[in-house]
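In the UniProt record's numbering, the protein residues as written are 1 to 247.
Shown next, in structure tokens, is the structure this report addresses.
In structure tokens form, the structure reads like this:
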């Protein structure tokens with residue numbers, strides 16, 4: 001049986017599952033949701049379609065709707081690590097970080113070497129104020145996932161939560177620079193760069209980065225809020241900034 005892992009689908013011989021795989025890889029979330037729901041009309045208990053619908057809704061920032069599909073998956077197969085990963089993402093979007101933590105812990109009990117779960121756990125532990133655990137999971141995610149934008153982003157998120165001094169700031173900058181080497185157009189990464197620039201009192205530069213982030217992912221409410229804040233603070237300013245390649 002095929003299953004979603006990250007943003008993709010494990011290939012399967014069924015044509016409709018190949019379509020789901022393609023749409024997920026292309027990040028065509030609205031279309032993915034449509035196709036998944038059509039498949040569920042024919043096969044109401046199909047796990048692949050439930051995963052696809054849940055993932056699409058999560059990416060569209062519609063966690064409340066995704067919860068229905070995730071609940072079905074957890075009822076049918078509570079020992080599947082990806083089902084707990086989806087549940088954690090739903091909980092995170094709803095601001096229920098304790099619940100997200102519990103699902104990630106359950107997922108890691110099934111697959112302790114899954115980098116995606118460690119990345120999410122790093123973020124959650126940071127939010128919960130457990131800095132030592134957050135850094136451990138971020139390092140573990142890097143060990144397991146390798147040198148990718150996701151690994152570096154996990155470290156940047158942890159350093160934001162564990163901000164102490166100039167060294168913490170430099171660690172965030174380094175993490176973002178490393179991530180940009182891998183994925184300069186990643187919407188989440190663009191938001192993180194803009195967010196840091198905003199905190200560094202560089203609103204004009206932040207406005208540019210955040211505008212790109214919102215254009216790439218208009219459903220990210222936090223990015224939209226930061227973009228508006230940057231606009232209000234810059235008010236048309238074109239102050240120069242040389243951080244992270246901004247002219």
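For glycine and all other residues, C-beta sits at the position ideal for the given N, C-alpha and C.
Computed from a prediction, not measured in an experiment: that's the story for all the values here.
Could you please give the first and the last residue of the uninterrupted alpha helix (DSSP H) stretch that includes residue i?
| i | result |
| --- | --- |
| residue 148 | Segment: none, residue 148 is in no alpha helix (DSSP H) and carries neither H nor E. |
| residue 268 | With the chain covering only 1 through 247, there is no way to say anything about residue 268. |
| residue 219 | Run containing residue 219: none; DSSP gives neither H nor E here. |
| residue 15 | 15-25 |
| residue 286 | Residue 286 cannot be examined here, being either before or after the span of the chain that is shown, 1 to 247. |
| residue 92 | 81-93 |
| residue 65 | 63-76 |
| residue 167 | 166-182 |
If distances are taken between C-alpha atoms only, which option among the options comes closest to residue i?
| i | options | result |
| --- | --- | --- |
| residue 49 | 69, 30, 118, 96 | 69 |
| residue 177 | 147, 26, 85, 113 | 147 |
| residue 51 | 44, 35, 83, 76 | 83 |
| residue 162 | 76, 36, 131, 98 | 131 |
| residue 149 | 174, 135, 166, 134 | 174 |
| residue 168 | 95, 180, 21, 135 | 135 |
| residue 108 | 95, 80, 96, 97 | 80 |
Grab me the residues of residue i's own chain with a C-beta within less than 6 Å of its C-beta, minus the 5 sequence neighbours each way, in chain order.
| i | result |
| --- | --- |
| residue 29 | 56, 59, 60 |
| residue 31 | 23 |
| residue 151 | 141, 142, 145 |
| residue 115 | 141, 144, 145 |
| residue 206 | 194, 197, 198, 230 |
| residue 18 | none |
Excluding the five sequence neighbours on either side, which residues of its own chain have a C-beta within less than 7 Å of the C-beta of residue i, listed in chain order?
| i | result |
| --- | --- |
| residue 190 | 209, 212, 213, 216 |
| residue 46 | 39, 40 |
| residue 66 | 54, 57, 58, 90 |
| residue 87 | 70, 74, 103 |
| residue 137 | 118, 121, 122, 125 |
Contact criterion: CB-CB distance below 8 Å. Does residue i meet it with respect to chain D?
| i | result |
| --- | --- |
| residue 17 | Among the protein chains of the structure shown there is no chain D, as only one such chain exists. |
Work out the CA separation of residue j and residue i for me, nearest whole Å.
| i | j | result |
| --- | --- | --- |
| residue 171 | residue 120 | 19 Å |
| residue 106 | residue 63 | 20 Å |
| residue 42 | residue 73 | 17 Å |
| residue 118 | residue 187 | 21 Å |
| residue 110 | residue 235 | 51 Å |
| residue 232 | residue 218 | 19 Å |
| residue 201 | residue 228 | 14 Å |
| residue 78 | residue 112 | 16 Å |
| residue 139 | residue 154 | 9 Å |
| residue 92 | residue 15 | 33 Å |
| residue 85 | residue 199 | 30 Å |
| residue 36 | residue 185 | 27 Å |
| residue 183 | residue 44 | 37 Å |
| residue 27 | residue 34 | 13 Å |
Three or more C-beta pairs below 8 Å linking the segment 158-172 and the segment 123-133:
Inter-segment contact for the segment 158-172 and the segment 123-133 is present: three or more beta-carbon pairs are separated by less than 8 Å.
Please determine if the segment 180-196 and the segment 216-233 are in contact, where contact requires at least 3 C-beta pairs separated by less than 8 Å.
yes
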